[in-house]
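Asker:
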């Protein structure tokens, strides 16, 4: 499978990422997507937790 990244800056970053990890470009893309999704999920969980704390009833 041929990987084509239209943005030259992104392409360079993916190549660097692949070299640093010692993986193929395809594997680097999969790793990057998984890490981005995990980071997004963690940020969403933190935001939800903060929102729950802000909206919870407090003892007065």
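In our numbering, the protein residues as written are 28 to 87.
C-beta: ideal position from N, C-alpha, C; glycine also.
1) In three-state DSSP terms, what is residue 83?
2) With DSSP as the reference, label residue 33 as helix, strand or coil.
3) Can you have a look at residue 45 and say buried or exposed, based on whether 16 or more other CB atoms are within 10 angstroms of its CB?
4) My understanding is that residue 37 touches residue 52, with C-beta atoms under 8 Å, so please give their C-beta distance in whole angstroms.
5) Report yes if the CB atom of residue 39 is closer than 9 Å to the CB atom of residue 48, and no otherwise.
Answerer: With the given structure in hand:
1) To locate residue 83, count along the chain shown from 1; it is residue 56. Here residue 83 sits in coil by DSSP.
2) Start at 1 with the first residue of the chain shown, and residue 33 comes out as number 6. If DSSP states are grouped into helix, strand and coil, residue 33 belongs with coil.
3) In the chain shown, the residue the question calls residue 45 occupies position 18. Around the CB of residue 45, 16 or more other CB atoms lie within 10 Å, so the residue is classed as buried.
4) Mapped onto the chain shown, residue 37 falls at position 10. Mapped onto the chain shown, residue 52 falls at position 25. In this structure, residue 37 and residue 52 do not form a Cβ contact; the two beta carbons are roughly 11 Å apart against a cut-off of 8 Å.
5) On the chain shown, position 12 is the one that residue 39 refers to. On the chain shown, position 21 is the one that residue 48 refers to. Not in contact: residue 39 and residue 48 (Cβ atoms no closer than 9 Å).
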